[in-house]
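Contents: one structure, followed by commentary.
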Amino acid sequence: MNPQEIDSSIPVAVSRALWMARDNIIVSDVSLSIPQGQRVVILGPNGAGKSSLLKLMGLMMPPSSGHVHIFGHEPWVESQSKIRHVRSRIAWIPQGLQVVGRLSVLNNAVLGCLARVSPLKTLLGWFPEEEIEKARQALQEVGVESLSGRRTDTLSGGERQKVAIARALVQGGDILFADEPTAALDPVASRDMMQLIKRLSQERGLTTVTVLHDIDLAMEFADRIVGMSDGKLVLDLPTSEVRKEQLDRLYHHLSPVEPPPVVKMSATAVLGKGSAVLRLLAGRAPSAEKTPPQKP
Ligand SMILES: Nc1ncnc2c1ncn2[C@@H]1O[C@H](COP(=O)(O)OP(=O)(O)OP(=O)(O)O)[C@@H](O)[C@H]1O
Ligand SMILES: [Mg+2]
31 MNPQEIDSSI PVAVSRALWM ARDNIIVSDV SLSIPQGQRV VILGPNGAGK
81 SSLLKLMGLM MPPSSGHVHI FGHEPWVESQ SKIRHVRSRI AWIPQGLQVV
131 GRLSVLNNAV LGCLARVSPL KTLLGWFPEE EIEKARQALQ EVGVESLSGR
181 RTDTLSGGER QKVAIARALV QGGDILFADE PTAALDPVAS RDMMQLIKRL
231 SQERGLTTVT VLHDIDLAME FADRIVGMSD GKLVLDLPTS EVRKEQLDRL
281 YHHLSPVEPP PVVKMSATAV LGKGSAVLRL LAGRAPSAEK TPPQKP
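In structure tokens, the structure reads:
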């Protein structure tokens with residue numbers, strides 16, 4: 031794919047992306063394109079390369095080879111300022127959340143504006159009033175505004191998760207990348223979290239790419255399932271076309287796409303073929319009705 035071919039309305043387009051670390055191929059030759067507003071879930075066993083692929087798509091690191099386009103731009107080959115600009119359209123919920131326990135809930139949420147505020151000001155803890163207001167709104171949107179003044183390390187796991195989403199909303203953007211946002215949550219809180227992400231994607235037209243380990247949640251909330259195994263993309267289907275066995279195979283490091291079935295010839299087919307061969311040997315043409323249709 032070359033940059034001119036990428037439609038600027040496509041939030042994410044990855045083409046033949048490869049990422050190596052310490053001479054190991056971690057992400058191998060992955061290509062996929064994600065349209066506006068789609069909810070994609072990436073599944074796969076531990077170490078499959080899901081977080082690494084997410085980081086490539088979210089401009090956290092450049093591919094070793096191949097291309098990553100965000101809204102038609104290929105920031106890594108354009109400029110540093112393009113990388114910064116395109117990153118401002120991306121919101122992140124990283125694996126492990128990375129909320130700062132000793133800070134208040136409001137201060138954690140406001141950290142989402144870091145890319146827009148000078149580093150000196152943020153070091154001094156000075157944030158523009160409009161960013162603080164955005165943080166308040168985001169906390170309200172995810173339903174934890176009443177916790178604004180609490181130290182974040184006094185929250186439950188589910189509440190902390192919501193603070194991480196609020197911070198991502200303050201970051202702003204058109205694409206949300208979330209790496210295991212339901213980790214350590216109970217089944218009810220996990221479903222709440224995914225419902226929240228779904229609601230945000232519908233209300234804001236957000237394109238979302240979420241890494242999950244819960245197959246049922248994935249099937250419930252995704253429009254599209256992407257399966258990774260050993261660094262490779264081994265499954266990429268609309269959720270309605272995914273079968274449970276394919277996902278079971280994925281977690282057993284087996285190819286979820288089964289090889290084509292072996293065609294077994296019936297006895298009559300074998301006999302029929304045999305009789306055609308016999309007729310040929312006898313110098314007679316095979317009968318017309320047994321002649322397979324010829325390709326044009
Ligand atoms: N910076 C790095 N240097 C070396 N190896 C790395 C680096 N980052 C990731 N890896 C390796 O790449 C593989 C894939 O890692 P990744 O974090 O992408 O997996 P994952 O599918 O997200 O796994 P999990 O489900 O456990 O989070 C792992 O074996 C990991 O150790
Ligand atoms: Mg991971």
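FYI, in my numbering the residues of the sequence shown are 31 to 326.
We put the CB at the ideal spot given by N, CA and C, even for glycine.
At which residues does the alpha helix (DSSP H) containing residue i begin and terminate?
i           : result
residue 220 : 217-234
residue 69  : Not the alpha helix (DSSP H): residue 69 falls in the beta strand (DSSP E), residues 69-73.
residue 145 : Here residue 145 belongs to no alpha helix (DSSP H), and DSSP marks it neither H nor E.
residue 178 : Counting along the chain, residue 178 falls outside any alpha helix (DSSP H), and DSSP gives it neither H nor E.
residue 248 : 245-251
Quick one, are the C-beta atoms of residue i and residue j less than 8 Å apart?
i           : j           : result
residue 142 : residue 201 : yes
residue 257 : residue 86  : no
residue 129 : residue 172 : no
residue 178 : residue 166 : yes
residue 55  : residue 62  : no
residue 272 : residue 249 : yes
residue 39  : residue 66  : yes
residue 199 : residue 168 : yes
residue 60  : residue 83  : yes
residue 81  : residue 125 : yes
Going by DSSP in three states, residue i sits in which element: helix, strand or coil?
i           : result
residue 156 : coil
residue 81  : helix
residue 205 : strand
residue 59  : strand
residue 212 : coil
residue 285 : coil
residue 354 : Here the chain comprises residues numbered 31 to 326, so residue 354 is not present and cannot be evaluated.
residue 304 : Its pLDDT being 46, under 50, residue 304 is placed unreliably in this model, and the coordinates cannot settle the point.
residue 114 : helix
residue 40  : coil
residue 273 : coil
residue 239 : strand
residue 46  : strand
residue 76  : coil
In the DSSP assignment, the beta strand (DSSP E) including residue i goes from what residue to what residue?
i           : result
residue 264 : 262-268
residue 97  : 95-100
residue 258 : 254-259
residue 122 : 120-123
Express the C-alpha separation of residue j and residue i in angstroms, rounding to a whole number.
i           : j           : result
residue 213 : residue 245 : 13 Å
residue 88  : residue 239 : 10 Å
residue 97  : residue 262 : 16 Å
residue 304 : residue 279 : Annotation note: pLDDT 46 at residue 304 (below 50); position unreliable, coordinate value reported separately. Distance between the alpha carbons of residue 304 and residue 279: 40 Å.
residue 184 : residue 36  : 46 Å
residue 231 : residue 237 : 6 Å
residue 299 : residue 260 : Confidence is the limiting factor: at residue 299 the pLDDT is only 48, short of 50, which leaves the residue's position unreliable, though a coordinate-based value still follows. Between residue 299 and residue 260, the C-alpha separation is close to 42 Å.
residue 107 : residue 90  : 14 Å
residue 210 : residue 196 : 16 Å
residue 101 : residue 42  : 6 Å
residue 149 : residue 140 : 14 Å
residue 151 : residue 158 : 9 Å
residue 137 : residue 50  : 36 Å
residue 161 : residue 145 : 12 Å
residue 285 : residue 215 : 29 Å
residue 58  : residue 206 : 23 Å
residue 176 : residue 208 : 24 Å
residue 147 : residue 282 : 46 Å
residue 251 : residue 235 : 15 Å
residue 118 : residue 170 : 22 Å
residue 181 : residue 188 : 15 Å
residue 264 : residue 287 : 7 Å
residue 112 : residue 64  : 20 Å
residue 229 : residue 222 : 10 Å
Buried or exposed: which applies to residue i, given that a residue is buried once 16 or more other Cβ atoms fall within 10 Å of its Cβ?
i           : result
residue 53  : exposed
residue 93  : buried
residue 268 : exposed
residue 122 : buried
residue 103 : buried
residue 242 : buried
residue 254 : buried
residue 220 : buried
residue 274 : exposed
residue 99  : buried
residue 203 : buried
residue 225 : exposed
residue 77  : exposed
residue 155 : exposed
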